[in-house]
Structure formats: C-alpha cells, structure tokens
Ligand code: LMR
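Residue numbers (our numbering): 12 to 344.
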C-alpha cells in the first residue's frame, strides 16, 4: 500500500511554488535492508543516511529510516521482490544482483575490465552509467546512486597462484552468468548462493572458495574456512542504491529534495571511504592470522587475466559494444 499524502488544496498550490516541507499525513518509513555488516562501506552508508535524516528533518517532517543489516529482514534472494512489493523501501544490492532486471549491468562483472577503483569511479560518472541507473525505472526499481565497495579478491581453502590451481574447485558466486563464465574459464565450478549462506557452504565443503572485496571476506572470515586470499583485484563489487519507483514519487517533492540532498552527501562519504575501509579490513584480517595473503607476480596475474578475459566477448552482444567501449575508455593505459 503506498502512502497517501494528504495536503490541503491551498497547501498543495504552495508546494508547487516552493519546496517548503509540509507535514506529511502520516510518518514516512524507509526500511533499508542489506546483507552485510554495519562496519562495511554499505553498512556505514545506511547508518549515516539514517543519522542525517534524523538530524536534518527533525521537527520538520516525520521520516524514519530503519536499517536492517546482515539479511535480518530480507536476504539477497528475495530482497528485490520485497522492494517491488514495497515491503522494504531501500536496498543497495551489488550490481551483479540486477542482471535479471537490466542485463547491461553485467558490464560491471566482466573480469579484469577495470584497471583500478579510480577507473570504476570514472565509469560510474559517465553518461552510460547514469543511464544504467535509470534502466529499471519502468520495472519499478529506481536507481539513486552508485555506492562503492571495492575490487574483488579470490579466497579459498588453499593457495591459488595460477589459474590451474582453481581447476576442479567450487566457488560461491552471486547470481550472475558472467561470474559463472569467469570461473568456467579456469575450469572451476560456480555455485550461486545468497551471501548469508557463504560461511556455511565453506564450512560444509559445498564450496572451496569465493570472491569478494576485503570487507566482505573479513566479515565472513571468523566462521568460514577461507584460509588463503589471493590478491587478484580481478573484478569489482559495487552497489546500486535503489528504491521503489512508486514509493519514491509518492514522497512530497520538498521532502524528496531534502532526501536527495542527504543521499548525495552520504554517497560522497561512502565512495570516499570505501577504499580505506577495505584497506583497514585487509590489514586486520592478515594481522589476526585470519587468512594468509597470496600475492601474485605480474606474470601470474597476467595468466589469470588471459584465461578470464575471453568472457568479455561472450557477453558483448548482451551488454552492448557501445557500453563495453565506454567502460574501456576509463582505463588510463
Ligand atoms: C555478495 O553477495 O557477495 C555481495 O553482494 C554482498 C554485499 O552486499 O556486499
């Protein structure tokens, strides 16, 4: 049920003329659900949004942001449907999780496409990426911003130095055909699993490895068997902050403008701090003995790249050569 915001006729006219916040008929509740911890780039972003909304809108309009981390309200298998059903109003799934709704977003999953995080950040600012942000609006999913996490590493219960070391192992992946193809390229098996099931699957031996940015690997390290992390930086795991299109447009313009301003600020903070959060998580994981670092030589990294890069060609038609070309122009080689 969408919030009905009742405004007296003269107030409605006033609202049209000036973005002054008028008390909504009932409180606006934004349930923000996600699958990782509070201490990750996304978790911190959600909490900062909650805090700023409380501070900035206090005494003006009742907007409450409820944050549900660690899949406590919905997990990644059912979060998108929950958003469409307006059971949650804000999510920030990784870009791999939108493939069903916007296959062009698969560009972000292509292995070894971006040279570094700065290249990804440049791409996210390009017109192509801005269009991708709006590509699901007619399906009811409204993209508000890109939130960074970082580059992915490979973690496994054995050291992975050469692509042949991955052959025959099963890796947990997010629901993305590109990621499936990426692991098939090194003769490994890919198993799609929700994030909340990764630790259990590692413990039970259903999978022997996974991939993710340092903050996610650290978050799972206590309860999983990822004793080796190979620093491959082979792909990106960033997020799209999304809301339910109808819910968002049901919010009075003045309140929405205020929320947009807060989100801009939160996005800048998340994106400025993601790299240092990952660097800190990396240091802490390695210092605690939670994992052994495997550093690749340039030749070894090149061998992984050579195996995985042909995946680009297989997905070019689906993603669009224009989008692929636009992504390649952000590298500075
Ligand atoms: C994953 O499923 O590995 C990630 O999308 C989790 C997350 O939200 O960072």
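Don't be surprised by glycine CBs; every beta carbon is placed ideally from N, CA and C.
Report yes if the CB atom of residue i is closer than 8 angstroms to the CB atom of residue j, and no otherwise.
i	j	result
residue 274	residue 60	yes
residue 66	residue 43	no
residue 319	residue 197	yes
residue 56	residue 281	yes
residue 249	residue 159	yes
residue 251	residue 335	no
residue 151	residue 95	yes
residue 38	residue 73	yes
residue 297	residue 307	no
residue 222	residue 171	no
residue 140	residue 112	no
residue 116	residue 110	yes
residue 71	residue 258	no
residue 162	residue 191	no
residue 310	residue 226	no
residue 185	residue 122	no
residue 83	residue 230	no
residue 338	residue 118	yes
residue 228	residue 240	yes
residue 269	residue 58	no
residue 187	residue 261	no
Three-state secondary structure (DSSP) at residue i?
i	result
residue 123	coil
residue 262	coil
residue 146	coil
residue 280	helix
residue 168	coil
residue 196	coil
residue 113	coil
residue 255	strand
residue 136	helix
residue 69	coil
residue 304	strand
residue 74	strand
residue 88	coil
residue 222	strand
residue 267	helix
residue 335	helix
residue 207	helix
residue 299	coil
residue 55	helix
residue 173	coil
residue 30	Confidence in residue 30 is poor, its pLDDT being 47 and thus under 50, which makes the residue's placement unreliable; the coordinate value appears in the next sentence. Residue state, collapsed to three classes: coil.
residue 187	coil
residue 161	strand
residue 181	strand
residue 40	strand
residue 201	strand
residue 342	coil
residue 17	Low confidence applies here, because residue 17 scores a pLDDT of 35, under 50, leaving its location unreliable; read the following figure in that light. It is coil, neither helix nor strand.
My assumption, with CB atoms under 8 angstroms, is that residue i sits in contact with residue j. Please give the rounded CB distance.
i	j	result
residue 207	residue 86	5 angstroms
residue 40	residue 81	Not a contact, Cβ separation roughly 20 angstroms.
residue 181	residue 209	About 12 angstroms separates the two Cβ atoms, so there is no contact after all.
residue 246	residue 120	6 angstroms
residue 130	residue 342	5 angstroms
residue 175	residue 199	That pair is no contact at about 10 angstroms.
residue 168	residue 238	6 angstroms
residue 63	residue 276	7 angstroms
residue 224	residue 88	That belief does not hold up - the Cβ atoms of residue 224 and residue 88 are roughly 21 angstroms apart, past 8 angstroms.
residue 256	residue 148	6 angstroms
Sorry if obvious, but does the Cβ on residue i come closer than 7 angstroms to a heavy atom of the ligand LMR?
i	result
residue 206	yes
residue 211	no
residue 272	no
residue 160	yes
residue 245	no
residue 185	yes
residue 4	Because the chain here runs from 12 to 344, residue 4 falls outside it and cannot be looked at.
residue 223	yes
residue 227	yes
residue 99	no
residue 105	yes
residue 53	yes
residue 46	yes
residue 248	yes
residue 42	no
residue 324	no
residue 62	no
residue 115	no
residue 108	yes
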